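Following: one structure in structure tokens, then a few remarks.
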Amino acid sequence: MIFTCYLKEILYKNSVLRKRIIRAEKMEVVSHLAASISHEVRNPLTTARGFIQLLEQSHLSQEKRKQYIRIAIEELDRAQAIITDYLTFAKPAPESVENLNVKTEMERVIDIVRPLANMNSVEVQTSLIPCNVKGERQKLQQCLLNIIKNAIEAMPNGGTLEVYISIEKDQVLIRISDTGVGMTKEQIERLGEPYFTTKGRRGTGLEMMVVYRIIESMGGTIQIASEVNKGTQVSLYLPLTQSLHTPSVEQKHDIFAAS
Numbered sequence: 000m001i002f003t004c005y006l007k008e009i010l011y012k013n014s015v016l017r018k019r020i021i022r023a024e025k026m027e028v029v030s031h032l033a034a035s036i037s038h039e040v041r042n043p044l045t046t047a048r049g050f051i052q053l054l055e056q057s058h059l060s061q062e063k064r065k066q067y068i069r070i071a072i073e074e075l076d077r078a079q080a081i082i083t084d085y086l087t088f089a090k091p092a093p094e095s096v097e098n099l100n101v102k103t104e105m106e107r108v109i110d111i112v113r114p115l116a117n118m119n120s121v122e123v124q125t126s127l128i129p130c131n132v133k134g135e136r137q138k139l140q141q142c143l144l145n146i147i148k149n150a151i152e153a154m155p156n157g158g159t160l161e162v163y164i165s166i167e168k169d170q171v172l173i174r175i176s177d178t179g180v181g182m183t184k185e186q187i188e189r190l191g192e193p194y195f196t197t198k199g200r201r202g203t204g205l206e207m208m209v210v211y212r213i214i215e216s217m218g219g220t221i222q223i224a225s226e227v228n229k230g231t232q233v234s235l236y237l238p239l240t241q242s243l244h245t246p247s248v249e250q251k252h253d254i255f256a257a258s
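Numbering (the numbering used here) for the sequence shown: 0 to 258.
Laid out in structure tokens, this is it:
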């Protein structure tokens with residue numbers, strides 16, 4: 000009897016200690032995230048403010064004014080991207096899970112990045128079939144957008160982006176490939192780490208962390224293959240909920256080239 004009571008007390012204390020440790024770890028992560036976000040947002044805001052102040056100079060040429068305004072807007076956009084990525088990462092479980100047609104969501108994302116692809120002289124080739132997965136629309140779009148934007152930005156001198164959707168047994172395969180700068184093995188291993196980026200000052204370090212979080216929340220997995228100066232291939236595997244059409248009938252090849 001005494002031993003049983005003693006054992007229960009030990010188990011209770013262990014449970015309390017474990018909860019305290021978990022809570023402390025969570026608080027440490029939140030504290031680290033908040034400090035990092037504050038630092039990352041402050042940088043572009045300071046830069047934007049500096050260039051806006053320069054606009055007060057009366058002797059500035061019209062060309063210089065346009066340049067300073069463009070830089071200020073770019074920095075404000077960067078601050079907004081940091082906040083968006085942070086909110087997407089920090090947001091708890093999905094709010095409104097529904098059946099999503101991956102082809103439809105991908106086409107929407109491609110429409111969004113079309114100007115960026117054109118600006119970077121990137122040809123986008125697609126081979127998409129209709130198929131369903133369960134998830135939250137905004138988060139799936141954010142995930143696809145992050146990957147495709149990264150791929151386009153990895154080809155500053157132009158190249159080819161291939162977007163492919165297929166069904167493999169009970170999974171949907173989304174494959175996004177580019178002919179960009181590529182990554183080393185060490186860089187691939189660090190993808191998904193908080194604030195790790197291969198884009199230097201242009202990256203928030205949160206994009207791929209958001210991608211990993213979203214795909215994992217949808218019950219999926221990510222595979223990445225890359226070679227320096229040859230390109231990168233990102234493969235997303237998500238549980239198939241319903242195939243809308245037979246792949247062999249509906250598969251299409253849509254190509255739009257940067258103009």
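Built from N, CA and C at the ideal position, the CB exists for glycine as well.
All of these numbers come straight from a predicted model, not from anything done at the bench.
Strand pairing of residue i, partner residues [DSSP]
i, result
"G134", "E97"
"I164", "I173"
"L237", "V171"
"G230", "E226"
"I221", "L235"
Residue environment, residue i, which counts as buried when at least 16 other CB atoms sit within 10 Å
i, result
"R77", "buried"
"H252", "Residue placement at H252 is poorly supported in this model, since its pLDDT is 43, which falls under 50; the coordinates are not used for a value here."
"R200", "Confidence at R200 is low in this model, with a pLDDT of 49, below 50, so its placement is unreliable and no value can be given for it."
"G219", "buried"
"K168", "exposed"
"N228", "exposed"
"I231", "Note that residue 231 is Thr in the sequence shown, not Ile. So T231 ends up on the buried side."
"G49", "exposed"
"G157", "exposed"
"T45", "exposed"
Chain B within 8 angstroms of residue i, Cβ atoms only
i, result
"E215", "The structure shown contains no chain B; it holds only a single protein chain."
C-beta contact flag for residue i and residue j at 8 angstroms
i, j, result
"Q170", "L115", "no"
"M262", "G134", "Missing from the structure shown is residue 262; the chain here goes from 0 to 258 and no further."
"M105", "L143", "yes"
"L139", "I151", "no"
"T240", "N149", "no"
"I173", "L99", "no"
"M154", "N117", "no"
"I261", "K102", "The question about residue 261 has no answer here: the residues shown for the chain are numbered 0 through 258."
"I166", "S225", "no"
"Q141", "I221", "no"
"I175", "V233", "yes"
Whole-Å CB distance - residue i paired with residue j, under 8 angstroms assumed
i, j, result
"I109", "T125", "7 angstroms"
"V210", "I146", "6 angstroms"
"R259", "L54", "In the structure as shown, the chain begins at 0 and stops at 258. Residue 259 is therefore absent and cannot be evaluated."
"L205", "I81", "7 angstroms"
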